[in-house]
Ligand code: LLP
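Numbering (our numbering), first residue to last: 3 to 416.
What follows is the structure, encoded as structure tokens:
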């Protein structure tokens, strides 16, 4: 459940009219609902209560500082993948013992920063990375905790670009390498191997692949008599974008809790999309309408630089009018496209929508995860503003970029 609902003809975020925010802040615009973020976080917390997990929100899905602070204040930890995400985690004063750090390409400086801050874990993705983490810790006269990310080689039916737990992807280490690492763990005197980590993919609708992967990894731990404290099951819970029927947090928990309980390991969970996905929308304005051949186009003021998911994954985002037109219920089929000079620049194709006119607004739903976070300045377009709504109030939590932001750091030489 999210808190973007119509009251009469107007779309609201919590108790604020979306059109009012757009009028004051302009478009393109991202709007997040603080209470939806918290509801979703609490759903997971409640579902997994019996396991007392550490729930680390995946920063890559939405790294806005106010979104992070909202969740950290509610008790969440953070799953980070770069020095930049660590920087954000520090700015919102995330307790270090609630931070886990994954990613296949961590650099020496990033590793040292994270050691200095005292994070709970590195999720190690290769033997060479483990050697570097151990070396950095030794140089700093510290001992750090690590978990080995195992690629469990399970099949997940999601988009190929967002599956991560199959053998041929770059993530984690295979069972053979994991075995070698555990066998030679004595070599890493400054890196305590305290856990195993998996993350099998994203937008996963059923618990089956999770169970499969968890069982495989726990089987490996048992077989090799590996002594560890933590099991990090990654993120990946799917959400509703259109007609999907994803598992609820409660049904996911029911399916995985017994296996984890039996293992006696402490659970870490890294949800991103489940918390942030339906907590945000993108609002865009109709610039022009036109017909090319048999196709009706609506050209709006946001494009693939603002929201790349449709272009990159052919992802479906529901598109709704911010204000339903009065009287006439006339609808037609349109492609909703942006101003970018690429044919792949679309937000939706063949959508049956009310006939809006120039200046009217559309809401692109389910745009709280991997949306602003993946936006860019392509075509030299300033990035959109971000707003956080709380009940009857709203605040701009990231200013719209200006042209001068586009050229920051550049110099003119010829
Ligand atoms: N943990 C790790 C190690 C991850 O790599 C990810 C996401 C997560 C947790 C969070 O997964 P979630 O709960 O959000 O599914 N850009 C794509 C999604 C890429 C996901 C990358 N990893 C999209 O727009 O669908």
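Backbone N, C-alpha and C define an ideal beta-carbon position, used for all residues, glycine too.
All values reported here derive from a predicted model rather than from experimental measurement.
Check: With a CB to CB cut of under 7 angstroms and the five nearest residues on each side skipped, what residues in its chain are close to residue 177?
Finding: 152 and 222
Checklist line | Exposure label - residue 3; buried when at least 16 CB within 10 Å | finding: exposed
Margin query: Quick check: the Cα distance between residue 339 and residue 259, rounded to an integer number of angstroms?
Written below: 44 angstroms
Note to self: In this structure, how does DSSP classify residue 388 when only helix, strand and coil are distinguished?
What the structure shows: Looking at residue 388 - three-state DSSP - the assignment turns out to be strand.
Margin query: Assuming contact is defined by CB atoms lying nearer than 8 angstroms, are residue 399 and residue 363 in contact in what I supplied?
Written below: no
Notebook entry, point to check: How do the region 192-207 and the region 132-148 stand: do at least 3 beta-carbon pairs fall below 8 angstroms, yes or no?
Noted result: yes
Item checked: Opening and closing residue of the beta strand (DSSP E) in which residue 60 lies -> 56-60
Note to self: Let's see if you can read the secondary structure: which residues bound the beta strand (DSSP E) around residue 224?
What the structure shows: In this chain, residue 224 is not harboured by any beta strand (DSSP E); it is covered by the alpha helix (DSSP H) spanning 210-225.
Next item on the list: Determine, using beta carbons only, whether residue 273 and residue 301 come nearer to each other than 8 angstroms.
Entry: no
Item checked: Reduced DSSP secondary structure (H/G/I, E/B, other) of residue 343 -> Residue state, collapsed to three classes: coil.
Checklist line | 8 angstroms Cβ shell around residue 253 - same chain, five flanking residues per side excluded | finding: 209
Next item on the list: Pick out whichever of 119, 255 and 124 has its Cα sitting closest to the Cα of residue 108.
Entry: 124
Notebook entry, point to check: What separation, rounded to the nearest whole angstrom, lies between the Cα atoms of residue 77 and residue 237?
Noted result: Approximately 17 angstroms, taken between the alpha carbons.
Checklist line | Endpoints, alpha helix (DSSP H) assigned at residue 179 | finding: Note, residue 179: alpha helix (DSSP H), 177-185.
Next item on the list: Pull up the distance between the alpha-carbon of residue 47 and that of residue 57, whole angstroms please.
Entry: 7 angstroms
Item checked: Start-end ranges of the beta strand (DSSP E) lying completely within the region 234-306, minimum 3 residues -> 268-271, 282-294 and 297-302
Next item on the list: Along the beta strand (DSSP E) that carries residue 321, what are the first and last residues, could you check?
Entry: 321-323
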